[in-house]
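Numbering (the numbering used here), first residue to last: 37 to 280. Every residue gets a Cβ at the ideal spot worked out from N, C-alpha and C, and that includes glycine. From a predicted model like this one, the values you see are computed outputs, not experimental measurements.
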């Protein structure tokens, strides 16, 4: 602006001094008969064309794309969506390899300095990304490989009937023996409070052992993504967990 004595809003490529490079976005380089600043306050240049009225030093990808822009491959238009960054790839060039004198022989037998790169994965970012993509109003819905436990056995009213506690501990032990990481919730909470805690934590499989279920020979099962519970006998329940 100082070199041409102009103010913002009226800058343009027409008539610029030769020492000022004109770097043009790919989309702008394809324009014809366009309007641009006249390089003087309050003026614009109309019907401008590249080469005839203004030179191009080089073409670069400068403009930030917006939704609806043509796709680079010419098929359709661009849509903008959010992404989750969980890692980086860094181009290090030869900065560190030169300092380390790290070289390799090329096909002509000459020493060449290595071009280096590195990558990093954010462990905590992976956890945050998993939660952001897997949750509901009640809490986390862990993908099974990331869950703190794959299943939880809930013991309801353990003091009323010792058989209920024994059944819960037996099921808990068998699931763990199958390689299913399972915790036993024997805190003695009321079902509503217990289930709310477990939904918040996001354990994928919930199994309820109660006196009523024991009398019927069933366990109440509910997957974290399920809308309803199911009453299953022990064999049907264990079929859901074939083991590792």
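Name the residue from the options whose alpha carbon lies nearest to the alpha carbon of residue i.
i	options	result
residue 60	272, 48, 201 and 246	48
residue 235	212, 261 and 268	261
residue 77	94, 238 and 44	44
residue 55	127, 40 and 257	40
residue 132	115, 120, 151 and 145	151
residue 110	265, 63 and 164	63
residue 168	221, 272, 120 and 145	120
residue 98	58, 82, 217 and 85	58
residue 75	67, 52 and 85	52
residue 163	144, 81 and 238	238
Residue i and residue j: beta carbons closer than 8 Å?
i	j	result
residue 182	residue 203	no
residue 122	residue 161	yes
residue 93	residue 105	no
Could you tell me the distance, in whole angstroms, from the CA atom of residue i to the CA atom of residue j?
i	j	result
residue 170	residue 231	18 Å
residue 248	residue 276	22 Å
residue 193	residue 176	26 Å
residue 254	residue 208	15 Å
residue 267	residue 252	9 Å
residue 178	residue 155	26 Å
residue 273	residue 228	22 Å
residue 87	residue 71	15 Å
residue 129	residue 146	19 Å
residue 89	residue 42	19 Å
residue 100	residue 107	13 Å
residue 85	residue 96	18 Å
residue 116	residue 159	26 Å
residue 216	residue 138	48 Å
residue 220	residue 134	57 Å
residue 224	residue 127	56 Å
residue 153	residue 73	43 Å
residue 271	residue 233	27 Å
residue 205	residue 226	19 Å
residue 222	residue 201	8 Å
residue 144	residue 102	47 Å
If I measure Cβ to Cβ from residue i and keep anything under 8 Å in the same chain, skipping five residues before and after, which residues do I get?
i	result
residue 263	none
residue 173	none
residue 180	186 and 240
residue 140	147, 148 and 150
By Cβ distance, which residues of its chain are closer than 7 Å to residue i, with the 5 residues on each side in sequence left out?
i	result
residue 136	none
residue 197	247
residue 199	250
residue 79	46
residue 142	148
residue 211	187, 218 and 277
Whose C-beta lies closer than 6 Å to the C-beta of residue i among residues of the same chain, with five residues either side of it excluded?
i	result
residue 265	256 and 258
residue 69	83
residue 65	95
residue 269	253 and 254
Next item on the list: Tell me, please, whether the stretch 231-248 touches the stretch 180-200 by the rule of three or more beta-carbon pairs shorter than 8 Å.
Entry: Short answer: they touch.
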